[in-house]
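Visitor:
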Amino acid sequence: MKRVSPTAPSSAPRSGLCFSRSMHDEAARARAAANVLRSAAEPRCGVQRADTAAKCNRTPCLPSDMRRKKSSIWLPYFDLLSLTLRARPRQKVAKPKPSVTRPTSAAKTRSTKRTRAAHAGRTSADNARGTWLRSFHSARPAAGRLINHLAYALYLPAVPAAAASMPAVVMLHGCKQTAESFATGTRICDLAQRAGFAVLLPEQAKTSHSHRCWNWHGDSSQSEAPAVASLVDAIVRQYGFDRERIYLAGLSAGAGLAAGLAMRYPELFAAVGLHSGPVFGAPSSTLAAMSLMRGGSREDPLRVIENCVDVSDHPGMPALIVHGEHDTVVAKQNAMQLGLEFARINRLIDGQGTLRVGEQHVYSRKGVDYTDYLKSGRLVVRVCIVHGLRHAWSGGDPREAFHSATGPDATAMFWHFFRPRRRKRAQ
Numbered sequence: 001m002k003r004v005s006p007t008a009p010s011s012a013p014r015s016g017l018c019f020s021r022s023m024h025d026e027a028a029r030a031r032a033a034a035n036v037l038r039s040a041a042e043p044r045c046g047v048q049r050a051d052t053a054a055k056c057n058r059t060p061c062l063p064s065d066m067r068r069k070k071s072s073i074w075l076p077y078f079d080l081l082s083l084t085l086r087a088r089p090r091q092k093v094a095k096p097k098p099s100v101t102r103p104t105s106a107a108k109t110r111s112t113k114r115t116r117a118a119h120a121g122r123t124s125a126d127n128a129r130g131t132w133l134r135s136f137h138s139a140r141p142a143a144g145r146l147i148n149h150l151a152y153a154l155y156l157p158a159v160p161a162a163a164a165s166m167p168a169v170v171m172l173h174g175c176k177q178t179a180e181s182f183a184t185g186t187r188i189c190d191l192a193q194r195a196g197f198a199v200l201l202p203e204q205a206k207t208s209h210s211h212r213c214w215n216w217h218g219d220s221s222q223s224e225a226p227a228v229a230s231l232v233d234a235i236v237r238q239y240g241f242d243r244e245r246i247y248l249a250g251l252s253a254g255a256g257l258a259a260g261l262a263m264r265y266p267e268l269f270a271a272v273g274l275h276s277g278p279v280f281g282a283p284s285s286t287l288a289a290m291s292l293m294r295g296g297s298r299e300d301p302l303r304v305i306e307n308c309v310d311v312s313d314h315p316g317m318p319a320l321i322v323h324g325e326h327d328t329v330v331a332k333q334n335a336m337q338l339g340l341e342f343a344r345i346n347r348l349i350d351g352q353g354t355l356r357v358g359e360q361h362v363y364s365r366k367g368v369d370y371t372d373y374l375k376s377g378r379l380v381v382r383v384c385i386v387h388g389l390r391h392a393w394s395g396g397d398p399r400e401a402f403h404s405a406t407g408p409d410a411t412a413m414f415w416h417f418f419r420p421r422r423r424k425r426a427q
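Structure, rendered in structure tokens:
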């Protein structure tokens with residue numbers, strides 16, 4: 001029998017077997033063509049058109065008549081597993097809690113109208129057990145400061161004593177320092193926890209001075225003294241501290257501002273401590289202030305006091321002055337002149353420097369030179385020159401800038417000097 005090609009026409013009649021095979025082949029070709037058309041129309045990445053692949057920036061897939069790799073069988077299941085894992089909700093990790101206690105009900109007193117309620121936070125100062133608060137005070141507008149906000153930190157010791165009977169120490173930091181670094185370097189919070197007093201640390205803003213120096217010199221309208229005085233008054237009223245036992249201390253530029261506060265706002269403070277600070281005066285410019293720091297006042301400091309303060313009306317201010325022997329930033333002559341100024345304010349000497357009341361003792365002990373002014377046997381003014389100390393807080397934490405392990409613990413010295421003194425209120 002002559003074999004007939006399936007594609008060539010034939011005049012001979014086909015058998016049933018040949019007809020069914022031909023129909024089967026035609027159906028297979030039709031199904032294959034339909035699959036190709038369907039695959040070309042689908043925008044999937046199993047088999048896709050080149051134009052569809054270009055739209056989704058993917059490489060066109062291989063033609064459908066090529067054998068699929070084995071990896072194409074299990075990769076979709078791997079992708080599905082990855083999507084499932086990404087969709088699974090992550091377990092939330094609790095944030096670490098502050099190491100200090102939150103303010104008690106006694107500390108959560110109603111804030112004053114012009115002082116924002118302080119919020120509790122973590123303290124880096126000595127790991128003390130009390131409460132460290134951070135906030136700001138809105139003082140009255142000053143020259144060039146329509147909005148006069150003063151930031152501050154407040155440390156409240158964890159002691160059972162009532163706030164109404166608690167004393168407070170105001171600490172003014174130096175240049176390039178913050179409230180936290182000053183508290184850490186002086187270890188003031190650790191002492192406050194043991195002795196039971198609060199610590200208020202005003203903080204200079206960088207917008208007021210790029211190095212956070214207090215403006216202790218120049219025009220008095222540019223000074224932060226009124227804002228600090230307003231803050232102290234507001235905090236004492238808000239927390240009910242003992243107004244007769246509010247003390248003031250400062251380092252370097254902070255000591256310069258503290259001296260001005262002691263002279264101009266004596267009713268607020270019972271005593272003052274000045275560390276490495278300039279002599280009190282009124283240098284009219286930054287250049288004049290630098291000259292004063294490096295060599296002391298060229299004018300008679302007693303004449304400066306007479307020109308700046310009404311000595312006859314001043315109630316007096318006990319003062320402890322500490323200075324480094326090798327301080328090259330603020331020369332030690334400033335400390336000796338400060339001693340004379342406060343001796344005059346307390347009316348222990350007259351305008352010519354002659355001792356009129358009490359006694360003066362000059363002596364050295366354990367690496368410190370002392371000059372004491374006493375009245376009725378009680379210490380009123382003391383000047384301490386610490387041997388080997390530069391421009392740094394004596395006996396402080398040397399890991400903090402401007403604090404040194406050299407010398408006695410100035411923080412303890414100040415508190416020992418402050419503790420018995422009270423500011424009697426006018427009736």
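Heads up: the sequence shown begins at 1 in the UniProt record's numbering, then just goes up one per residue.
Where a beta carbon is used, it is the ideal one built from N, C-alpha and C, also for glycine.
1) What's the call for Ser210, buried or exposed, on a 16-neighbour Cβ count within 10 Å?
2) What's the C-alpha gap between Asp409 and Leu251?
3) From the DSSP output, in three-state form, read off Ala158 for me.
4) Under a three-way DSSP split, which group does Tyr239 fall into?
5) Using a Cβ distance threshold of 8 angstroms, determine whether the segment 165-184 contacts the segment 235-253, with at least three qualifying pairs required.
6) CA-CA distance, Glu359 and Val381?
7) If you draw a straight line from the C-alpha of Lys366 to the C-alpha of Ile385, how long is it?
8) Where does Asp409 sit, in a helix, a strand or coil, going by DSSP?
9) May I ask which residues mark the beginning and end of the alpha helix (DSSP H) holding Asp190?
10) Per DSSP, Asn148 forms a beta bridge with which residues?
11) Could you tell me the distance, in whole angstroms, from the CA atom of His387 to the CA atom of Lys206?
12) Does DSSP put Leu231 in a helix, a strand or coil?
13) Among the residues of its own chain, which have a CB less than 6 angstroms from the CB of Gly256, if the five just before and after it don't count?
14) Are the segment 350-359 and the segment 407-422 touching by the rule of at least three beta carbon pairs closer than 8 angstroms?
15) Leaving out the 5 sequence neighbours to the left and right, which residues in its chain are closer than 7 angstroms to Phe19 when beta-carbon positions are compared?
16) To the nearest angstrom, how far is it from the Cα of Gln337 to the Cα of Ile321?
17) Does the Cβ of Gln48 have 16 or more other Cβ atoms within 10 Å, making it buried, or fewer, making it exposed?
18) Could you tell me which residues DSSP pairs with Ala259 in its beta bridges?
19) For the segment 197-205 against the segment 147-156, do three or more pairs of beta-carbon atoms, one drawn from each stretch, fall closer than 8 angstroms, so that the two count as touching?
20) Using a 10 Å radius around the Cβ and a threshold of 16 neighbouring Cβ atoms, would you call Asn307 buried or exposed?
21) State yes or no: is the C-beta of Asn346 within less than 7 angstroms of the C-beta of Gly316?
22) Exposed or buried, what is Ala106 when buried is set at 16 or more other beta-carbons lying within 10 Å of its beta-carbon?
23) Suppose the cutoff is 7 angstroms on Cβ atoms and the five residues either side in sequence are ignored; what does the same chain contact list for Pro266 look like?
24) Cβ of Thr258 within 7 angstroms of Cβ of Leu268?
25) State whether the segment 289-303 contacts the segment 325-333, with contact taken as three or more CB pairs (one from each stretch) at a distance under 8 angstroms.
26) Rounded C-beta distance between Leu191 and Thr411? I'm assuming under 8 angstroms.
27) Along the chain, where does the alpha helix (DSSP H) containing Ala401 start, and where does it finish?
28) Which residues does DSSP pair with Ile321 in a beta bridge?
29) Go to Leu172, then tell me how far its beta strand (DSSP E) extends in each direction, as first and last residue.
30) If I measure Cβ to Cβ from Val228 and keep anything under 6 angstroms in the same chain, skipping five residues before and after, which residues do I get?
31) Using the Cα positions of Lys108 and Ala289, report the straight-line distance between them to the nearest angstrom.
32) Could you have a look at Arg422 and say whether DSSP puts it in helix, strand or coil?
33) Going by CA-CA distance only, name the one from Ser284, Arg344, Ile188, Ser223 that's closest to Asp397.
34) Whole angstroms is fine: what's the gap from Gly130's alpha carbon to Arg378's?
35) So is Pro141 buried or exposed if we call it buried at 16+ other beta carbons inside 10 Å?
36) Would you list the one or two residues that DSSP bridges to Glu299?
Guide: So, from the listed chains and residues:
1) Counting Cβ neighbours within 10 Å, Ser210 comes out exposed, since fewer than 16 surround it.
2) Going by C-alpha positions, Asp409 is about 14 angstroms away from Leu251.
3) Coil, per DSSP.
4) In the three-state reduction of the DSSP assignment, Tyr239 falls in the helix class.
5) The segment 165-184 vs the segment 235-253: in contact.
6) C-alpha separation (whole angstroms): 11 angstroms.
7) Cα to Cα, Lys366 sits roughly 11 angstroms from Ile385.
8) Of the three classes helix, strand and coil, the one that applies to Asp409 here is coil, per DSSP.
9) Run containing Asp190: 188-195, per the alpha helix (DSSP H) assignment.
10) Its beta-bridge partners are Ala139.
11) Answer to the nearest angstrom: the Cα atoms are 33 angstroms apart.
12) The DSSP-derived three-state label of Leu231 is helix.
13) Cβ within range, chain order: Trp216, Gly277, Pro278.
14) No, the segment 350-359 does not touch the segment 407-422.
15) At Phe19 the pLDDT is 40, less than 50, meaning the model places this residue with poor confidence and gives no usable figure here.
16) Cα to Cα, Gln337 sits roughly 10 angstroms from Ile321.
17) With a pLDDT of only 42 at Gln48, under the threshold of 50, the placement of this residue in the model should not be trusted, and no figure is reported.
18) Ala259 is not bridged to any residue.
19) The segment 197-205 is in contact with the segment 147-156.
20) It counts as exposed.
21) With respect to Gly316, Asn346 sits close: the two C-beta atoms are nearer than 7 angstroms.
22) Residue placement at Ala106 is flagged as unreliable, the pLDDT there being 38, under the threshold of 50; a coordinate-derived value is accordingly withheld.
23) Leaving aside the five residues that flank Pro266 on each side, the residues in its chain whose CB is nearer than 7 angstroms to its CB run, in chain order, His314, Pro315, Met317.
24) Residue identity check: residue 258 is Ala in the sequence provided, not Thr. The Cβ-Cβ distance between Ala258 and Leu268 does not fall below 7 angstroms.
25) Output reads yes: the segment 325-333 touches the segment 289-303.
26) 6 angstroms between Cβ atoms; contact.
27) No alpha helix (DSSP H) contains Ala401, which DSSP labels as neither H nor E.
28) Paired residues: Leu274, Val383.
29) From DSSP, the beta strand (DSSP E) with Leu172 extends over 168-172.
30) Cβ within range, chain order: Pro202.
31) Annotation note: pLDDT 38 at Lys108 (below 50); position unreliable, no value reported.
32) Here DSSP, grouped into helix, strand and coil, assigns Arg422 to coil.
33) Per the Cα distances, Ile188.
34) If I take the Cα positions, the gap works out to 34 angstroms.
35) By the neighbour-count rule (16 or more Cβ atoms within 10 Å), Pro141 is not buried but exposed.
36) Answer is none; Glu299 lacks a bridge partner.
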